[in-house]
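In our numbering, the protein residues as written are 3 to 912.
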């Protein structure tokens, strides 16, 4: 092995295979090593007996032996010289000359010339032995070896000295802990700053880390060191918690780097590790991570209460029951084994053990907080978070320490508008205001248990930064709440009451708006009383969300009610509605120049305000997504996405015939829960959505038993149950079946509250998880008994009018409605006479006693009667005018066999 190889392995060049020679007292070469022969290119026989000075390029670089001082003779000397090799090269070598003890003559009977023995057969001789046959080493040649010369190339010596200085200085550093472990991970050597805090024994040699560190901490460090020993891969910057046994509540986060040590033969002899205290750096990283978590948490909600709860939860996150509150945070591993933590590693803590968020009362309703008469702002306790459940003690150095009991949520507190930050040392607590736009929106306070370190100025700055960002989120949620309340109020004003009672059905409805940035959608329902005790049930869904969808819904609902007043068949009504939607779509494509000019002017005003207020003053808040009247919340102008496509289902139920006729325009089919609990879906053949093609629609009729439950809904309900519509329909049918077959002792379906049933069907659909509006209309059917109806059929003979009057009078007396005899006779006489005169026969007459008394006259003519004001000279034209004056309301509707004219009268009270 060459000297260069030895140096590469970190060994001394003056020990292993170095250039070595033996000199006698006169400075002549007695022997030298094979390494010297290889380096200088001169065989040992050629130099034996020659003065060492002859090998130098400049003999002045080697002192004359006669001129040596007593100190040099006793201790030796060293230096640098340039040697000339046998190859003619000039070699700069650093050398060291070491004196040897003089031999004792009494131990060598052959005299002073043979201290070791005689020459060897090859003539090389021993060190200091007698001469050989060839004359080398004789008394006339080299004498007894008196000096040992070690030499190596000067650059290698310089490198070796640098390595020595580096190693020595490294163990003297006070900012880095250095430790050398053997193959069993026992400490061999350390500097005094291995772990710069209390709890370490004075002498660490021969100890393992587990002798003075917490078991889980020692195990985590030793796992990394063991990996280095096993694989040879260095460990770079792995962060671990280090806590001593004597001080478990303290500790530090150390960045550990380690590499393996090997002997020249490759055998592993240990590992060297460097420990760097990165606690402050880790705390800074924790503060930055907490700031990022808080920003993400408060920016993910458009609810004032939700924002407050998220803020409190980030500041005081829950802790596992077995994890001490005082335990330092689990560091992030960056070396081998990254991503793992020790058995006792604690989760990253928040800023407090108790966090309290108070929000101004006006913020919850979208208003701006204003001071009261006493100059203070009324706050409501919006959220409280405790890092451990109340009463669960946190383990501290002095024993269990319980956090203070949380104040109740909803409690009223007060604050001054100019309130500033508060920082106290004991108990460890801080409180900062929540301000946005110069307004006090609330306050956030944090508290630590006494066993945790007190707050630092950096913690207060962190809390202020979090409070600033949370205040922006709260202000955004406040403005969203204001706009959302206005939008939802508008939409609910466009919808009918949630409950209705008619002769035909008893209804209850549930509407859940989606919680997207637009806030509201275009779902609607309606219950429309029709003539002859019938009722129309409607459910529809406008494409999109936002104010435009809500406005479109209002227009369509008004159109449906208008068309329903004409008593159109379901398919015919949908055809007219489809035409209306198509017209609205054409109108939406036409540009409105006036509106575009107003929009551009508004944008110019916003730009001017932004220039006056500074950069970013007119930009939308960076946290969350608000509801904006000029867009959908994502910067898109609502004028560009006005929705007009829609689906609709229209059903007409007749309680006399107990039949329900319905048609669908791309809408899911209604569900029917029979009184015996069977749930089926009406076999509708839905047509295309409104405004798509203009194709006709198909009517489906089903017979419903009294007490049946008819459910009309939008697809948002199905998607709330499952991601697939078919799975959602299955879920709805199961829920309806469970409601129709309650457990024994529960309320029966006939007596169950429809309103409560609707709430139960959507109970597990929280509004903040909905992707679409949910509309559910439940109708429990009723039937008009056969005894409450009477009918007659007449030929086109005027004499039949008298017979109808007599039969009707008799029926009214049987029902106890004598007060209505005169009016009914007059109405029937007029309507039957007109039918016989202008339409021919046969003529049908029917009386229905329900909430009102209905008189119907049907004829085969499709000509609709029109009421007009007769002039004084006209002989006719006054009949329908009299009917309108004597009845509550009247009208006519087309039928498959002609038309029906009807008139209603209020029943007598009592």
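All C-beta atoms, glycine included, are put in the ideal place defined by N, C-alpha and C.
Using the beta-carbon count (16 or more within 10 Å), is residue i buried or exposed?
i	result
residue 431	buried
residue 774	buried
residue 177	exposed
residue 495	exposed
residue 840	exposed
residue 433	buried
residue 901	buried
residue 697	exposed
residue 726	exposed
residue 341	Confidence at residue 341 is low in this model, with a pLDDT of 36, below 50, so its placement is unreliable and no value can be given for it.
residue 669	buried
residue 458	exposed
residue 486	buried
residue 174	exposed
residue 238	exposed
Pick out whichever of the options has its Cα sitting closest to the Cα of residue i.
i	options	result
residue 28	213, 75, 83, 503	75
residue 86	39, 545, 716, 740	39
residue 863	855, 857, 846	846
residue 59	66, 90, 50, 32	90
residue 453	249, 851, 735	249
residue 903	664, 910, 147, 882	882
residue 691	766, 672, 583, 186	583
residue 533	559, 516, 543, 570	570
residue 887	832, 54, 293	832
residue 536	46, 42, 152, 895	895
residue 92	84, 99, 98	84
residue 287	447, 464, 224	464
Between which two residues does the beta strand (DSSP E) containing residue i stretch?
i	result
residue 826	Not the beta strand (DSSP E): residue 826 falls in the alpha helix (DSSP H), residues 823-840.
residue 527	523-531
residue 861	854-861
residue 664	661-667
residue 52	Premise fails: residue 52 is in no beta strand (DSSP E) and is neither H nor E.
residue 85	79-86
residue 206	Neither: residue 206 is in no beta strand (DSSP E) and is coded neither H nor E.
Helix, strand or coil: which one does DSSP assign to residue i?
i	result
residue 269	coil
residue 899	coil
residue 20	coil
residue 326	Its pLDDT being 41, under 50, residue 326 is placed unreliably in this model, and the value from its coordinates should be taken loosely. Here residue 326 sits in coil by DSSP.
residue 773	coil
residue 434	strand
residue 146	coil
residue 685	coil
residue 811	helix
residue 444	strand
residue 707	coil
residue 534	helix
residue 702	strand
residue 867	coil
residue 366	helix
residue 562	helix
residue 848	strand
residue 653	strand
If residue i sits next to residue j, beta carbons under 8 Å apart, how far is it from one beta carbon to the other, in whole angstroms?
i	j	result
residue 549	residue 489	6 Å
residue 853	residue 505	5 Å
residue 479	residue 306	5 Å
residue 851	residue 790	4 Å
residue 767	residue 778	Their Cβ separation, rounded to whole angstroms, is 10 Å, which puts residue 767 and residue 778 out of contact at 8 Å.
residue 263	residue 278	So it is not a contact: roughly 20 Å between Cβ atoms.
residue 1	residue 780	This structure gives no information on residue 1, because the portion of the chain shown stretches from 3 to 912.
residue 776	residue 514	4 Å
residue 848	residue 793	4 Å
Along the chain, where does the alpha helix (DSSP H) that runs through residue i open and close?
i	result
residue 168	156-172
residue 491	459-496
residue 232	217-233
residue 289	281-300
residue 573	572-591
Just checking: is the beta-carbon of residue i within a distance shorter than 8 Å of some beta-carbon in chain B?
i	result
residue 708	Any reference to chain B falls outside this structure, which holds one protein chain only.
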